[in-house]
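This report refers to the structure that appears directly beneath it.
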Amino acid sequence: MANNMILERLEGVKARFVEVGELLTQQDVLSDMDRYVKLSREYKDLQPIIESYEKYKLALENISSTKELLSSEKDEEMREMAKAELDQLNAAIPEMEDEIKMLLIPADPEDNKNAVMEIRAGTGGDEASIFAGDLFRMYSKFFELQGWKAEVNSVSEGTAGGYKEIVLSVSGQGVYGLLKYESGVHRVQRVPQTETQGRIHTSAASVVVLPEADEFDVDLKSEDIRKDTYCSSGPGGQSVNTTYSAIRLTHIPTGIVVTCQDEKSQIKNYDKALKELRTRLYNLEYQKYLDEVSHKRKTMVSTGDRSAKIRTYNYPQGRMTDHRITLTMYNLPSILDGNILEIIEKLQMAENTERLKESTN
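For what it's worth, the numbering used here labels the leading residue of the sequence shown as 344, then goes sequentially.
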């Protein structure tokens, strides 16, 4: 991409940045919280591009002024210094342009959101439930490493350990932008605890990650929600099975049902269930976007098609294979201990490369 083409695009972004900054000070925007939140997000997202723009523009100006100096300067020592500076500036330009190209790729507006994660045992009976528990432990460790907070919304325990299903809310910086790559079917190959012959079995668990909807994302009407209370089951103390603290919310127009029983307080369970219901409604529309994206990018098959097999964990070989980018790593114990950031970063890199191709075609 030629310098003037990049500058033309960046000048357009700068104009929008200035416009959004001015809009954020206007009274009609300040009184419209929905619009104010969206504009604030846009302003924040544009800031890194503007910073790169200023740096790039300064480098081009310095190249121009250095060339002018070389055309008029007679002193040989000064000319040598100018040549060295020009070489340094010219060498830095391609890297700056690559960075800008990446920044100009439209970001997924959901990336900075918190997330709702659902881990569900698939094929494999008790072993699948145990594996779902192993995945929950892996992600819990990962959340700790990232400094994120996770809260369990609802849980159904497996008969031999682990979970038939567990739903949790995860909050922190850029949660969905990283966790979205985990959506899909995870497969495990190992000798189950119940296996007496030492044979390797294959089991599976599915992971679904949804961007958590903000209050302004969904217009949720109270008359469209049926609320039911019931006694909680599972850990939580003696009061769990004797008080109607668990909440079941049914969204009548869509039939979506969410439950929350993790808290002893009915009010807290209601608030968490309402947040999850809002998220699931929001994702009915968001899924249309994911379906469109999944046809273009193999790395996003996990979110576009949540039934797709994305990863295999092979215990006998100590191997993890991510099938989207044919990545194989032989450090399974470390991965299961929450060290999955490297995998996610490689997926991000592959996706950004594909998005860059899209933007230049």
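Cβ atoms here follow ideal geometry from the backbone N, Cα and C, with glycine treated the same way.
Subject >> First and last residue of the uninterrupted beta strand (DSSP E) at Pro554 >> reply: Segment 544-554, the beta strand (DSSP E) holding Pro554.
**OP:** Quick one: using the 10 Å Cβ neighbour count with 16 as the cut-off for buried, is Ile653 buried or exposed?
**Re:** It counts as buried.
Original post:
Between Glu385, Val459, Leu447, Thr622, which lies nearest to Gly515 when the distance is taken from Cα to Cα?
Top reply: Nearest option by C-alpha distance: Val459.
Subject >> Candidates Arg422, Gly527, Lys618, Asn455, of which the one nearest Asp562 by Cα >> reply: Closest option to Asp562, Cα to Cα, is Lys618.
Subject >> Cβ-Cβ separation, Ile473 to Gly520 (assumed contact under 8 Å), whole Å >> reply: Gly520 to Ile473, Cβ: 30 Å. No contact.
Original post:
Does the stretch 475-484 come close enough to the stretch 431-439 to have 3 or more Cβ pairs within less than 8 Å?
Top reply: No: fewer than three Cβ pairs fall under 8 Å.
Original post:
Considering Val291, what are the terminal residues of the beta strand (DSSP E) in which it resides?
Top reply: With the chain covering only 344 through 704, there is no way to say anything about residue 291.
Subject >> Limits of the unbroken beta strand (DSSP E) element including Val528 >> reply: Start and end: 527-533.
Subject >> Where the alpha helix (DSSP H) through Asp441 begins and ends >> reply: Element bounds for Asp441: 419-447.
Subject >> Alpha-carbon spacing of Glu394 relative to Glu440, whole angstroms >> reply: Distance between the alpha carbons of Glu394 and Glu440: 13 Å.
**OP:** Go to Thr655, then tell me how far its beta strand (DSSP E) extends in each direction, as first and last residue.
**Re:** That run of the beta strand (DSSP E) goes 652-657.
Original post:
Which class does Asn682 belong to by DSSP, given the choice of helix, strand or coil?
Top reply: DSSP places Asn682 in coil when its eight states are reduced to three.
Original post:
With 16 other CB atoms within 10 Å as the buried threshold, where does Val361 fall?
Top reply: Under this definition Val361 is an exposed residue.
Subject >> Residue of Ile599, Tyr625, Thr572, Tyr656 minimising C-alpha distance to Gln609 >> reply: Closest by alpha carbon: Thr572.
**OP:** Starting from Cys603, follow its DSSP beta bridges and name the residues at the other end.
**Re:** In the DSSP assignment, the residues bridged to Cys603 are Ile590.
Subject >> Nearest to Ser512 (by Cα), restricted to the options Asn626, Thr368, Glu354, Thr622 >> reply: The residue among Asn626, Thr368, Glu354, Thr622 with its C-alpha nearest the C-alpha of Ser512 is Thr622.
**OP:** Can you grab the Cα-Cα spacing for the pair Thr466 / Ala547, in whole Å?
**Re:** Approximately 5 Å between the Cα atoms of the pair.
Original post:
Between Glu688 and Asp665, what straight-line distance do the alpha-carbon atoms span, to the nearest angstrom?
Top reply: Straight-line Cα distance between these residues: approximately 12 Å.
Original post:
When the Cα of Arg384 is compared with those of Val363, Glu404, Asp375, which residue comes out closest?
Top reply: Ranked by Cα distance from Arg384, the first of Val363, Glu404, Asp375 is Val363.
Subject >> Glu461, enclosing beta strand (DSSP E) - first and last residue >> reply: Its beta strand (DSSP E) spans residues 458-464.
Original post:
Which whole-angstrom value describes the C-beta separation of Glu525 and Val550, a residue pair presumed to lie in contact below a C-beta threshold of 8 Å?
Top reply: About 5 Å; that satisfies the 8 Å criterion.
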